[in-house]
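First the structure, in the form of structure tokens, and then the observations on it.
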Amino acid sequence: MSHILRRSLLPLRSFSTKVCKPGLVVFDKDGTLIDFNLMWGGWVESVAWQLEMTTKLPVREKLFKAMGYDWITRSIRSKGVLCCTPMGELYKVAVNVLLEQGMPAESAEKAIKKIWHMPDAVNTSRPLADIPALFLTIKRMGLKIAVCTADNRAPTLATLQHLQVDHLVDSIACGDDGLPAKPAPEQIWSICHNLGVEPHNAIMVGDTCTDMLLGRNAGCGLSIGVIGGASSLEDLAEDADVLVPNLNKIIKVLFQYSQQASAKEVAESVAA
């Protein structure tokens with residue numbers, strides 16, 4: 001496989017007249033920075049087993065299906081709700097599984113509340129690259145870094161601290177911040193506003209088609225899809241501008257687009 005697959009370097013988007021001069025890199029967290037299946041696969045299995053034991057109902061496989069989890073292969077289904085859904089919405093999905101079994105609403109709510117818990121933000125956070133080295137390289141390029149995730153803020157901060165990169169992240173947008181969920185653009189817009197970066201100078205890096213749509217909807221200059229995360233290659237390729245096989249390859253992409261923007265600035269100044 002080619003190291004970097006791209007549609008084109010020029011133009012970035014057929015509907016945009018602005019050249020992306022990278023100033024901000026926005027990373028998704030789960031599936032991009034850390035192993036998605038290790039964290040969320042283990043979590044949904046734990047919730048399902050506890051729910052069966054608590055309710056005495058055969059709901060384990062029904063919960064897996066509702067969450068988009070293949071328990072046989074222990075993998076997350078591409079475009080399943082587990083990929084990019086905030087915890088509050090996953091809670092509702094679990095409650096609905098019990099409602100569909102005929103359980104009264106009050107009892108269903110009580111049962112889910114009893115067994116509901118967050119994934120272990122530290123022990124299940126297996127990095128998919130040398131994240132500190134990657135972030136330091138990006139910082140040395142003069143770029144800002146943000147994390148945009150469907151996960152809640154407390155576990156997100158715990159994960160970034162565990163990865164030893166919390167001090168390198170300039171802004172975070174999380175699923176419990178009260179903003180519309182991905183792929184709605186508000187999380188990116190909020191990050192860009194806080195950091196003083198125009199959206200077309202922001203680059204979205206993620207592992208799902210939802211991340212790619214987020215970048216597109218927010219008007220980001222580029223959406224980079226990292227292969228091997230929660231989305232299939234086919235789904236990811238639909239909306240990504242560039243596909244990379246791993247996180248380490250994004251440095252080359254950032255360099256190329258920075259050089260491209262600089263060359264355009266020089267050409268425009270000469271023409272003027």
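full-length UniProt numbering puts the first residue of the sequence shown at 1, with every later residue one more than the last.
Backbone N, C-alpha and C fix where the C-beta goes; we use that ideal spot for every residue, glycine too.
At a Cβ-Cβ threshold of 8 Å, Thr149 and Asp28 count as neighbours.
Separation of the CB atoms of Ser223 and Asp241 is rounded to 5 Å, and the pair is thereby assigned contact status at 8 Å. About 22 Å separates the beta carbons of Ala133 and Leu195, which is beyond the 8 Å limit, so they are not a contact pair. For the set Gly142, Gly175 and Ile227, the Cα lying nearest the Cα of Thr156 is the one of Gly175.
Counted as a single uninterrupted DSSP element, the stretch harbouring Lys144 is not any alpha helix (DSSP H) but the beta strand (DSSP E) occupying residues Lys144 to Cys148.
Within the same chain, Gly23 and Leu24 come within 6 Å of Val197 by CB-CB distance, once the 5 residues on both sides are set aside. Here Leu98 is near Val59, since their CB atoms are less than 8 Å apart. Secondary structure at Val26: strand, using DSSP grouped into helix, strand and coil. Per DSSP, the beta bridge partners of Ala173 are Cys148. Residue environment: Gln187 is assigned as buried (16 or more neighbouring CB atoms within 10 Å of its CB, all protein chains considered).
The segment 116-126 makes no contact with the segment 73-84, as fewer than three CB pairs between them are under 8 Å. Here Asn37 is not near Arg77, since their CB atoms are 8 Å or more apart. In its chain, beyond the 5 residues on either side, Val205, Ile224 and Val244 have a beta carbon closer than 7 Å to the beta carbon of Ile250. If you draw a straight line from the Cα of Arg216 to the Cα of Lys252, it comes to about 21 Å. Secondary structure of Ala202 (DSSP, three-state): strand. DSSP links Ile131 through a beta bridge to no other residue. At a Cβ-Cβ threshold of 8 Å, Trp116 and Tyr91 count as neighbours.
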